[in-house]
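Visitor: After the structure tokens below, expect a handful of questions from me.
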Amino acid sequence: DLVLTDYRMPDISGLEVVKQVRQMNPEIPVVVITAYSQIEEAVQVMKEGAFDYLSKPIDLDALEVLIKKARERQYLISENKILKEQLKEKYRFDAIISQSGAMETVLNTAGRVARSKATVLIRGESGTGKELIARAIHYASDRSSKPLVIINCAALSPGLLESELFGHEKGAFTGAISQRIGRFEQAHGGTLFIDEVGDLPLQTQIKLLRALQFGEFERVGGNQTIKIDVRVIAATNRNLEELIQKGEFREDLYYRLNVVTIHIPPLRERKADLPVLIRHFIEKYAKENQKPVTGISKEAQDYLMRYHFPGNVRELENIIERAVVLARNPVITIADLPQGLEIQHEQSIFNPKDFSHSYEEKMAAFERAMIEQALKLKHGNQSQAARLLGISERHLRSRMQRLNIVNTMRNR
Numbered sequence: 012d013l014v015l016t017d018y019r020m021p022d023i024s025g026l027e028v029v030k031q032v033r034q035m036n037p038e039i040p041v042v043v044i045t046a047y048s049q050i051e052e053a054v055q056v057m058k059e060g061a062f063d064y065l066s067k068p069i070d071l072d073a074l075e076v077l078i079k080k081a082r083e084r085q086y087l088i089s090e091n092k093i094l095k096e097q098l099k100e101k102y103r104f105d106a107i108i109s110q111s112g113a114m115e116t117v118l119n120t121a122g123r124v125a126r127s128k129a130t131v132l133i134r135g136e137s138g139t140g141k142e143l144i145a146r147a148i149h150y151a152s153d154r155s156s157k158p159l160v161i162i163n164c165a166a167l168s169p170g171l172l173e174s175e176l177f178g179h180e181k182g183a184f185t186g187a188i189s190q191r192i193g194r195f196e197q198a199h200g201g202t203l204f205i206d207e208v209g210d211l212p213l214q215t216q217i218k219l220l221r222a223l224q225f226g227e228f229e230r231v232g233g234n235q236t237i238k239i240d241v242r243v244i245a246a247t248n249r250n251l252e253e254l255i256q257k258g259e260f261r262e263d264l265y266y267r268l269n270v271v272t273i274h275i276p277p278l279r280e281r282k283a284d285l286p287v288l289i290r291h292f293i294e295k296y297a298k299e300n301q302k303p304v305t306g307i308s309k310e311a312q313d314y315l316m317r318y319h320f321p322g323n324v325r326e327l328e329n330i331i332e333r334a335v336v337l338a339r340n341p342v343i344t345i346a347d348l349p350q351g352l353e354i355q356h357e358q359s360i361f362n363p364k365d366f367s368h369s370y371e372e373k374m375a376a377f378e379r380a381m382i383e384q385a386l387k388l389k390h391g392n393q394s395q396a397a398r399l400l401g402i403s404e405r406h407l408r409s410r411m412q413r414l415n416i417v418n419t420m421r422n423r
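Numbering (my numbering), first residue to last: 12 to 423.
Encoded structure:
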């Protein structure tokens, strides 16, 4: 549990003991006993990693307090290791709920880039799970034992972002009553996840570019250059190329961030994930709320399969949580779900005057609706649905796979 050693011994010095123990197990605390005249040597052993030192003659009460502190420190280190292992387990790539081809591509790319030092840009609509992928990359990397620090640029005012990222010195501005360590310094040796990077002010973008290029910066109001070793993962739901054209985002920063891009498709483009996500959220919220809810009816699941989820996975999770809380029976029914979901979406996606969706999204939605309607009319018989659409069954299967359409009526 603890090593207690004198500094001066016949065959080995206390300094050498500290070095050897640190090599064998850096978590074992070493306390060195010194004479009053050996203060410089005590400082030296502290620099080498000793937990503390005691001067002769030894005060037994002080020794007891020191041993207690050392054990508390070991307990905290042990708890920290357990917590980190739990986080690694929670955010494993294979723990991410998915079975669609679209998400398999995302996870494969993220897994390959995890152990590199490359900056990663994660793109996708709000609610698609960008932070989840960022966490998985960090915990699969060589930096997993180091900090993962997260900052959401959209949640902070532009005036505070520079200070939050890079810290500030005392007196740097009104209200700066003490020195503040920024997110970059907090993430030293680990990963900094910058969410909604498209919301960064131009002035802060310049400072971020320098930190990425040279691994250095100064705190706000300071002139001391601080060196950092940080892997940056950025995310955005905005069109950065459009922001560059408007002069709102620096092109050089874009290329520095865009070393590896991971695009997370919206939930409406990976409907194959819906059934497994629904089951996962039912289990999660049934357990949290101590409700005996075990599943969802076929009609209720079909209802959700026809909705296109503008809020993506986050919206689905909210819907299922609400349904579990309100459910009167072990199986969620349509009555437990919000009504009018499909109507709200279809009015938007198929309205030619609504340009909130891209041309590709509208065409994909139209094709998906045709195929789903044909399958419905033919009671899930894909051969008959293909004839109705005027295409081969092979072509239909190909389009269903590409659009992530699940034939929910096949086994009826």
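For every residue, glycine included, the Cβ atom is placed at its ideal position computed from N, Cα and C.
Return helix, strand or coil for A183, following the three-state DSSP convention.
Guide: A183: coil per DSSP, three-state reduction.
Visitor: Return the CA-CA distance between Q355 and G200, expressed in angstroms with no decimal places.
Guide: Because the pLDDT at Q355 is just 44, under 50, the model does not fix this residue reliably, and the value given afterwards should be weighed accordingly. Each residue's Cα considered, the two are about 47 Å apart.
Visitor: Per DSSP, D425 forms a beta bridge with which residues?
Guide: Since the first and last residues shown for the chain are 12 and 423, residue 425 lies out of range.
Visitor: In the DSSP output, what is L15 paired with across the bridge?
Guide: DSSP output for L15 lists V42 as bridge partner(s).
Visitor: Is the number of C-beta pairs between the region 399-410 and the region 379-386 that are closer than 8 Å three or more?
Guide: As far as the Cβ criterion goes, the region 399-410 touches the region 379-386, which means the pair count is three or higher.
Visitor: To the nearest angstrom, how far is it from the Cα of A61 to the Cα of V41?
Guide: So the two alpha carbons sit approximately 5 Å from each other.
Visitor: Looking at the secondary structure, which residues open and close the beta strand (DSSP E) in which E259 lies?
Guide: No beta strand (DSSP E) holds E259; DSSP gives it neither H nor E.
Visitor: With H, G and I counted as helix, E and B as strand and the rest as coil, what does DSSP make of N248?
Guide: N248 falls in the coil class under three-state DSSP.
Visitor: Terminal residues of the continuous alpha helix (DSSP H) containing L132?
Guide: Counting along the chain, L132 falls outside any alpha helix (DSSP H), though it belongs to the beta strand (DSSP E) covering V131 to R134.
Visitor: Give the range of the alpha helix (DSSP H) segment to which K218 is assigned.
Guide: Taken as a continuous stretch (DSSP letters only), the alpha helix (DSSP H) holding K218 covers L213 to F225.
Visitor: Measure the alpha-carbon distance for S152 versus T120 and round it to whole angstroms.
Guide: For S152 and T120, the distance between alpha carbons rounds to 13 Å.
Visitor: How would you write the range of the beta strand (DSSP E) that L159 sits in, first residue to last?
Guide: Where L159 is concerned, the enclosing beta strand (DSSP E) stretches over L159 to N163.
Visitor: How would you call Y64, buried or exposed, if buried means at least 16 neighbouring beta carbons within 10 angstroms?
Guide: Buried, by the Cβ-count rule.
Visitor: Residues in its own chain within less than 7 Å of E136 by CB, not counting five upstream and five downstream?
Guide: If we look at E136 and ignore the five residues flanking it on each side, its Cβ neighbours are N248, P277 and N323.
Visitor: Between D12 and M35, what straight-line distance do the alpha-carbon atoms span, to the nearest angstrom?
Guide: Those two C-alpha atoms are separated by around 13 Å.
Visitor: Between A147 and F104, is the Cβ-Cβ spacing less than 7 Å?
Guide: Result yes, Cβ atoms of A147 and F104 sit closer than 7 Å.
Visitor: Just to confirm, is the Cβ distance from L285 to A311 under 7 Å?
Guide: Going by C-beta atoms, L285 is not nearer than 7 Å to A311.
Visitor: What's the gap between the Cα of E332 and the Cα of L352?
Guide: In a straight line, the C-alpha of E332 is about 16 Å away from that of L352.
Visitor: Within its chain, find whatever has a CB closer than 7 Å to the CB of E357; leave out the 5 residues flanking it on each side and keep chain order.
Guide: Interpretation of E357 is limited by its pLDDT of 49, a score under 50 that renders its predicted location unreliable; the figure taken from the coordinates is listed afterwards. Taken in chain order, the list of residues that qualify is empty.
Visitor: Judging by CA-CA distance, which residue of I244, Y266, P303 and Q216 is the nearest neighbour of E6?
Guide: Examination of residue 6 is not possible in this model, given that the chain is present from 12 through 423 alone.
Visitor: Across the region 120-129 and the region 267-276, are there enough close Cβ pairs to call them in contact, namely three or more that are closer than 8 Å?
Guide: With the cut-off at 8 Å, the region 120-129 and the region 267-276 touch.
Visitor: Determine whether the beta carbon atoms of V43 and V14 lie at a separation below 7 Å.
Guide: No.
Visitor: Let me know the secondary structure DSSP gives E229 once reduced to three states.
Guide: In this structure, E229 counts as strand in the three-state DSSP scheme.
Visitor: DSSP three-state label for L315, please.
Guide: DSSP places L315 in helix when its eight states are reduced to three.
Visitor: Whose C-beta lies closer than 7 Å to the C-beta of R279 among residues of the same chain, with five residues either side of it excluded?
Guide: Cβ neighbours of R279 beyond the five flanking positions: H319 and F320.
Visitor: Nearest to I343 by CA position, among K302, R379, K373 and A375, is which residue?
Guide: Nearest option by C-alpha distance: K302.
Visitor: Does R230 pass the burial test, meaning 16 or more other C-beta atoms within 10 Å, or should it be called exposed?
Guide: When all chains shown are included, R230 counts as buried.
Visitor: Evaluate contact between the region 168-181 and the region 191-209, counting only Cβ atoms and requiring at least three cross-stretch pairs below 8 Å.
Guide: Contact between the region 168-181 and the region 191-209 is present, because at least three Cβ pairs lie under 8 Å.
Visitor: On the premise that I162 lies in contact with A145, defined as a C-beta separation below 8 Å, what is that separation, rounded to the nearest angstrom?
Guide: At roughly 12 Å, the Cβ-Cβ gap does not stay under 8 Å, so A145 and I162 are not in contact.
Visitor: If R325 sits next to G25, beta carbons under 8 Å apart, how far is it from one beta carbon to the other, in whole angstroms?
Guide: Actually they are not in contact, since the Cβ atoms of R325 and G25 sit about 56 Å apart, beyond 8 Å.
Visitor: Among residues of its own chain, excluding the 5 on either side of H149, which ones have a beta-carbon nearer than 6 Å to its beta-carbon?
Guide: Only L159 and T202 meet the Cβ criterion.
Visitor: Hey, V304 and V335: beta-carbon distance below 7 Å or not?
Guide: Their beta carbons are under 7 Å apart, which means V304 touches V335 by this criterion.
Visitor: List the whole-angstrom C-beta distance separating C164 from I205, where the pair is believed to meet the contact cut-off of C-beta under 8 Å.
Guide: With 8 Å as the limit, C164 and I205 qualify as a contact, their Cβ atoms being about 7 Å apart.
Visitor: Report all residues from its chain with a CB closer than 6 Å to the CB of T215; omit the five preceding and five following residues, and keep chain order.
Guide: Counting only Cβ-Cβ distances below 6 Å, and skipping sequence neighbours, we find L172 and E173.
Visitor: Which residue wins for smallest C-alpha separation from G4, given the options N250, L220, E175 and V241?
Guide: Summary: the structure shown does not reach residue 4, with the chain confined to residues 12 through 423, and so no result is reported for it.
Visitor: Measuring alpha carbon to alpha carbon, tell me which residue in A113, G258, Q350 and V417 is nearest M316.
Guide: Among A113, G258, Q350 and V417, the Cα nearest to that of M316 belongs to V417.
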